[in-house]
Amino acid sequence: MKVPLLDLKRQFEGIKDEIMAATEEVYQSQQFILGPKVAELEDNVATYCKGKYAVGVSSGTDALLISLMAAGVGIGDVVVTTPYTFFATVGAIVRVGAQPLFVDIDSKTYNMDPGKLEDALSALGEQERSRVKAVIPIHLYGQCADMEPILKIAEHYGLAVVEDAAQAIGAEYQFQDGRVKKAGAMGSYGCFSFYPTKNLGAAGEGGMVVTQDETTYNHLKILRNHGDIKRYEHGFVGGNFRLHAIQAAVLIIKLKYLDEWTNQRIANANSYRNAFKEAGLDNILLPVEKEKRHVYHQFVLRVEKGRDRLKAFLNENDIGCEVYYPVPLHMQACFRHMNYAPEDFPESKKAALETLALPIYPELGNEEIYYVVDNIKKFMKIEKKEG
Ligand SMILES: *Cc1c(COP(=O)(O)O)cnc(C)c1O
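In case it helps, the numbering used here puts the sequence shown at residues 6 to 392.
Dropping the structure here:
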């Protein structure tokens with residue numbers, strides 16, 4: 006049996022006619038940039054996230070970049086995030102001329118540890134602290150960061166909160182008073198990616214920023230189009246961050262199926278849990294569900310010993326699996342000048358060495374899930390023998 010890490014063709018088969026018809030409509034209209042399809046998608050995404058406004062942009066990376074620009078983050082400023090995320094999170098910080106201030110992750114969720122955020126901010130002198138303008142929590146692998154304390158700390162220090170929700174569309178977070186909010190609708194800016202492999206994927210690049218504030222919404226729309234206030238009158242320096250109509254047309258169709266697909270991801274996660282239990286593999290740590298609705302963008306194991314050997318073994322047996330973020334950001338060559346040591350963020354370093362993502366896409370079958378776990382069991386037997 007062959008189990009790929011992701012198989013987008015299976016999803017496309019089921020919705021091909023709808024997608025092709027929607028795409029043809031855009032070709033017939035010959036309106037390829039922004040326009041009614043993008044506006045419709047923005048409305049639908051804002052409603053889906055139970056947020057007020059949404060602005061379609063060119064990618065998840067640009068969603069982060071335009072949010073930092075709208076928040077007024079620039080040269081000499083500092084933005085807090087974690088070193089265990091996709092590069093785009095920190096790339097956006099540096100591209101507006103700011104510096105990242107890293108804080109470590111929680112070992113169970115891989116998300117920003119709010120206690121470490123507070124420690125990092127309170128350790129700064131007053132002048133340094135005044136340079137910190139924003140914090141970017143990432144809802145990694147499809148589970149929300151612990152937003153309640155992060156929002157409180159951000160409010161206390163006067164920081165904008167830019168949620169990196171690229172992997173978490175539809176994820177939910179419950180506050181202590183019982184209120185439930187969706188990923189992207191808690192901070193000042195909620196950034197989504199429609200990269201084809203994400204839970205809601207376009208037929209190319211795309212992204213979205215969700216906000217609750219009308220002034221911010223209008224500012225984002227201006228920045229998206231080179232800071233154009235009126236035609237050829239530029240109030241700000243923005244960029245070309247526009248979303249394509251074809252992407253919007255595809256995403257309008259796919260958004261209708263998102264909850265069905267997400268529930269299938271959750272069902273697959275439960276099947277994995279059952280299969281691991283039956284196999285008696287208790288030396289492997291399964292994903293910890295701490296927040297309300299984990300949307301399983303990835304199903305990430307923690308294997309304390311032999312992670313790379315397990316990956317090679319699964320690949321040899323035609324099972325797709327991947328190490329996300331083998332090099333934490335504080336160890337990247339482009340940040341050498343910041344003089345971080347690997348041990349500065351021990352949980353990020355450990356996660357980079359121990360985690361492995363298994364196939365979890367909605368169309369994955371139960372027999373495939375059992376085949377994957379069976380092979381992991383085989384591997385563990387061999388490891389034991391070889392001591
Ligand atoms: C995918 C991703 C991004 C960037 O999105 P693109 O659409 O690929 O630009 C940013 N942050 C995280 C955590 C991501 O997974």
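Note that CB positions come from ideal geometry on N, CA and C, so glycine has one too.
For Val62, tell me which candidate among Ala346, His342, Lys42, Tyr277 has the shortest Cα-Cα distance. The alpha carbon of Val62 has as its nearest neighbour, out of Ala346, His342, Lys42, Tyr277, the alpha carbon of Lys42.
So what does DSSP say about Ala385, is it helix, strand or coil? The sequence given here places Met at residue 385; Ala does not occur at that position. In the structure shown, Met385 sits in a helix (DSSP, three-state: H, G or I).
What residue from Tyr32, Pro105, Val50 has the CA that sits closest to Cys339's CA? Cα-wise, what sits closest to Cys339 is Pro105.
Three CB pairs or more closer than 8 angstroms across the stretch 244–258 and the stretch 81–88: Result no; under three Cβ-Cβ pairs closer than 8 angstroms.
Have a look at the DSSP bridge pairing and note the partners of Gln36. None; Gln36 has no bridge partner.
Confirm, please, whether the CB-CB distance from Val328 to Leu361 is below 8 angstroms. In contact: Leu361 and Val328 (Cβ atoms closer than 8 angstroms).
Which of helix, strand or coil does DSSP assign to Ser64? In this structure, Ser64 counts as coil in the three-state DSSP scheme.
Distance, Val242 Cα to Arg136 Cα: In this structure, the alpha-carbon of Arg136 lies about 22 angstroms from that of Val242.
Sort out for me which residues DSSP pairs Met117 with in a bridge. Ile110.
Going by Cα to Cα distance, which pick from Val332, Glu368, Leu11 is closest to Ser353? Ranking the options by Cα distance to Ser353, first place goes to Val332.
If you run the structure through DSSP and keep just helix, strand and coil, what is Leu234? One point to set straight first is that residue 234 is Ile, not Leu, in the sequence displayed. Per DSSP, reduced to three states, the secondary structure at Ile234 is strand.
Quick check: what's the CA-CA separation for Glu372 versus Ala272? Those two C-alpha atoms are separated by around 13 angstroms.
Going by Cα to Cα distance, which pick from Arg314, Gly325, Pro154 is closest to Ile387? Scanning Arg314, Gly325, Pro154 for the CA closest to the CA of Ile387 turns up Arg314.
Quick check on Gln132: buried or exposed, where buried means 16 or more other Cβ atoms within 10 Å of its Cβ? When all chains shown are included, Gln132 counts as exposed.
Flag Tyr200 as yes when its Cβ comes closer than 7 angstroms to any non-hydrogen atom of ligand 1, and as no otherwise. Yes, the Cβ of Tyr200 comes within 7 angstroms of a heavy atom of ligand 1.
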